[in-house]
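Student:
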Amino acid sequence: MAEPKNVAILGATGAVGTQMLECLAERDFPVGDLHLLASPRSVGKVVEWQGRKVEVELAAPEAFEGVDIVLGAAGDDVAKELLPEAVRRGATVVDNSHAFRLDADVPLVVPEINPEDVAWNHGLIANPNCATIIGLVPTWPLHKLGHVTRMVVSTYQAASGAGVPGMTELEEQLGALGRGEEIGVPKAFADQLANNLIPQIGSEKFAGYTSEEMKMQNEGRKIMHLPELRVNCTCVRVPVLRSHSESITLEFAEPVELDAAREALACAPGVKLVDDLAAEKACDRFPMPLYTSDQDLVWVGRVRRDISNPDEARGITFWCCGDQIRKGAATNAVQIAELLL
Ligand SMILES: NC(=O)c1ccc[n+]([C@@H]2O[C@H](COP(=O)([O-])OP(=O)(O)OC[C@H]3O[C@@H](n4cnc5c(N)ncnc54)[C@H](OP(=O)(O)O)[C@@H]3O)[C@@H](O)[C@H]2O)c1
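And the structure:
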């Protein structure tokens with residue numbers, strides 16, 4: 028058993044922060060002192076964790092005194108203001124926000140792909156975007172077979188990707204519609220999400236692509252050490268409470284046998300292959316967000332040739348689903364923290 032570490036969670040009351048607490052307990056992380064930090068709205072709330080009663084503290088620089096590991100689960104602005112203060116006080120930070128992900132001196136890590144990058148951290152390690160993690164975990168073992176040169180991705184992202192306010196809004200809208208009432212003015216999303224799809228996540232970033240869509244390219248290049256990787260991504264918010272889904276087409280430099288691709292996915296860490304269109308139950312035929320929520324693996328199915336690729340042997344298409352609050356955020360961050368032990 029490793030020596031206990033004093034741990035702080037910044038944004039401990041949100042969707043990711045709450046899940047981090049569960050992951051620390053489930054994975055038996057050696058937690059010494061535990062500090063739960065949030066906004067003035069939550070100060071004084073008491074959270075029960077592993078038989079301890081922990082009071083939520085105000086997120087402020089002095090709250091990081093004596094802390095060894097900080098798990099960041101707040102927004103970009105809060106992360107930028109407070110996390111350098113934690114590093115200055117000697118803590119190592121694993122942050123979930125977008126604030127530091129592309130900084131040259133900050134490793135961006137998915138433990139199944141580039142755990143070695145943790146070694147060159149300077150106090151800050153970034154957790155990638157949730158849709159990027161879910162998409163790259165199964166892309167990586169296929170890349171090792173044939174070297175990925177291009178990805179075409181469509182994401183189907185759950186409401187909980189927008190945190191507690193996103194989940195609450197979808198639940199309220201579904202409830203109101205069920206009762207035959209008017210829905211209120213949407214706040215977490217640009218429009219009504221219940222019974223709808225919203226094909227914009229984030230603001231416009233580059234040539235009509237949104238910030239969320241460009242993360243798949245820019246973060247994917249950094250994590251997989253593929254600076255030339257070409258990515259075309261469309262991100263869509265869907266009325267699913269939890270677990271992102273993605274359709275991904277990969278183009279390879281070298282031919283990749285379909286059987287070898289299935290075999291690689293079946294053996295890959297963090298992946299579960301669910302790919303049998305003849306199976307009796309739908310849940311055994313292909314991954315669906317209903318079944319991939321509240322667990323840590325990325326489920327992959329519908330693995331097939333890209334018949335639109337002029338060289339079919341160099342194109343593979345698949346579908347994947349994963350719980351983005353767990354593997355796309357909290358679990359990935361705790362796995363990184365485990366690498367620090
Ligand atoms: N949700 C996901 O699937 C997901 C996945 C990957 C990454 N992320 C990233 O993880 C971070 C957290 O996301 P989330 O979905 O958990 O959001 P959330 O549910 O809205 O939670 C936000 C957390 O930040 C705290 N906070 C807000 N303003 C603060 C302030 N001024 N000072 C200190 N703390 C403050 C909140 O505390 P109060 O409760 O006191 O307001 C809450 O604990 C974001 O950067 C997000 O982009 C989210």
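One rule links them: number in our numbering = place in the sequence shown (from 1) + 27. From the three backbone atoms N, C-alpha and C, an ideal C-beta is built for every residue, glycine too.
1. Assign residue 79 to buried or exposed, taking buried as 16 or more other Cβ atoms, counted over all protein chains shown, within 10 Å of its Cβ.
2. Tell me the DSSP secondary structure of residue 271 in three-state form.
3. If we count the other Cβ atoms within 10 Å of its Cβ and call it buried at 16 or more, is residue 287 buried or exposed?
4. Quick check on the DSSP output: the alpha helix (DSSP H) that includes residue 114 runs from which residue to which?
5. Find out if the Cβ-Cβ distance for the pair residue 37, residue 100 is shorter than 8 Å.
6. Checking 8 Å against the spacing of the C-beta atoms, do residue 48 and residue 39 come in under that value?
7. Residue 114 to residue 152, Cα distance in whole Å?
8. Under the three-state reduction of DSSP, which class applies to residue 359: helix, strand or coil?
9. Could you have a look at residue 328 and say whether DSSP puts it in helix, strand or coil?
10. Check whether the segment 200-215 and the segment 248-262 are in contact - that is, three or more C-beta pairs closer than 8 Å.
11. Examine ligand 1 and report whether any of its heavy atoms sits within less than 7 Å of the Cβ of residue 218.
12. So, does the segment 242-254 touch the segment 170-187, judging by three or more C-beta pairs under 8 Å?
13. Under three-state DSSP, which class holds residue 278?
14. Which two residues bound the contiguous alpha helix (DSSP H) that contains residue 167?
15. Counting C-beta neighbours from all protein chains within 10 Å, is the total for residue 139 16 or more, i.e. buried, or is it exposed?
16. Rounded to the nearest angstrom, what separates residue 269 and residue 243 at their Cα positions?
17. Just how far apart, CA to CA, sit residue 82 and residue 291?
18. Identify, in the order they occur along the chain, each residue of the same chain with its Cβ nearer than 6 Å to the Cβ of residue 133, setting aside the five sequence neighbours on each side.
19. Could you tell me if the beta carbon of residue 103 falls within a distance shorter than 7 Å of some heavy atom in ligand 1?
20. According to DSSP, simplified to helix, strand and coil, what is residue 311?
21. Just mark residue 196 as buried or exposed, buried being the case when its beta carbon has 16 or more other beta carbons within 10 Å.
22. Can you grab the Cα-Cα spacing for the pair residue 317 / residue 341, in whole Å?
23. Using a Cβ-Cβ cut-off of 6 Å (strictly less than) and excluding sequence neighbours within five positions of residue 304, which residues of its own chain qualify?
24. Quick check: residue 229 and residue 163, are their CB atoms within less than 8 Å of each other?
25. Is it buried or exposed for residue 241, if we count other Cβ within 10 angstroms and need 16 for buried?
26. When you compare the CB positions of residue 177 and residue 89, do they come within less than 8 Å of one another, or not?
27. Does residue 52 come out as helix, strand or coil in the three-state DSSP assignment?
28. How would you label residue 180, buried or exposed, when you count the other beta carbons within 10 angstroms and need 16 or more for buried?
29. Quickly, what does DSSP pair residue 65 with across the bridge? List them, please.
30. Does the Cβ-Cβ distance between residue 35 and residue 94 come in under 8 Å?
31. How far does the alpha helix (DSSP H) with residue 90 in it extend, from its first residue to its last?
32. Measuring from the CB of residue 349, is there a heavy atom of ligand 1 at a distance below 7 Å?
33. With burial defined as no fewer than 16 other Cβ atoms inside 10 Å of the residue's Cβ, what is the status of residue 165: buried or exposed?
34. Considering only heavy atoms of ligand 1, does any lie closer than 7 Å to the CB of residue 355?
35. For a quick check, are the C-beta atoms of residue 64 and residue 84 less than 8 Å apart?
36. According to DSSP, which residues form a beta bridge with residue 349?
Tutor: In short, the structure shows the following:
1. Around the beta-carbon of residue 79, fewer than 16 other beta-carbon atoms lie within 10 Å, marking it exposed.
2. DSSP places residue 271 in strand when its eight states are reduced to three.
3. Flag for residue 287 reads exposed.
4. From DSSP, the alpha helix (DSSP H) with residue 114 extends over 103-115.
5. Yes, the Cβ-Cβ distance between residue 37 and residue 100 is below 8 Å.
6. Taking 8 Å as the Cβ cut-off, residue 48 and residue 39 qualify as a contacting pair.
7. Residue 152 has its alpha-carbon roughly 11 Å from the corresponding atom of residue 114.
8. Residue 359: helix per DSSP, three-state reduction.
9. Note: residue 328 maps to strand in three-state DSSP.
10. Result no; under three Cβ-Cβ pairs closer than 8 Å.
11. No; taking the cut-off as 7 Å, the Cβ of residue 218 has no heavy atom of ligand 1 nearer than that.
12. Yes: the two stretches touch, three or more of their Cβ pairs being nearer than 8 Å.
13. Of the three classes helix, strand and coil, the one that applies to residue 278 here is strand, per DSSP.
14. Residue 167 -> alpha helix (DSSP H) spans 157-173.
15. Burial call: buried.
16. If you draw a straight line from the Cα of residue 269 to the Cα of residue 243, it comes to about 20 Å.
17. Their Cα atoms are separated by approximately 46 Å.
18. Answer for residue 133: 127, 151 and 153, listed in chain order.
19. Taken from the Cβ of residue 103, at least one heavy atom of ligand 1 lies inside 7 Å.
20. Residue 311 falls in the helix class under three-state DSSP.
21. So residue 196 ends up on the buried side.
22. Near 32 Å, if we compare the C-alpha coordinates of residue 341 and residue 317.
23. Taken in chain order, the residues that qualify are 312.
24. No.
25. Sixteen is the threshold: when 16 or more other Cβ atoms of the shown chains lie within 10 Å of the Cβ of residue 241, as they do, the residue is buried.
26. Taking 8 Å as the cut-off, the beta carbon of residue 177 is found no closer than this to the beta carbon of residue 89.
27. DSSP places residue 52 in the helix class (H, G or I) of the three-state scheme.
28. Using a 10 angstroms sphere on the CB of residue 180, the tally of other CB atoms reaches 16 or more, which defines it as buried.
29. Looking at the DSSP assignment, residue 65 forms a beta bridge with 85.
30. Yes, these two residues count as a Cβ contact at 8 Å.
31. Premise fails: residue 90 is in no alpha helix (DSSP H) and is neither H nor E.
32. False, no ligand heavy atom lies under 7 Å from that Cβ.
33. With 16 or more other Cβ atoms within 10 Å, it is buried.
34. For residue 355, the distance from the CB to the nearest heavy atom of ligand 1 is below 7 Å.
35. Pairing residue 64 with residue 84 gives a Cβ-Cβ distance under 8 Å.
36. Beta-bridge pairing links residue 349 to 271.
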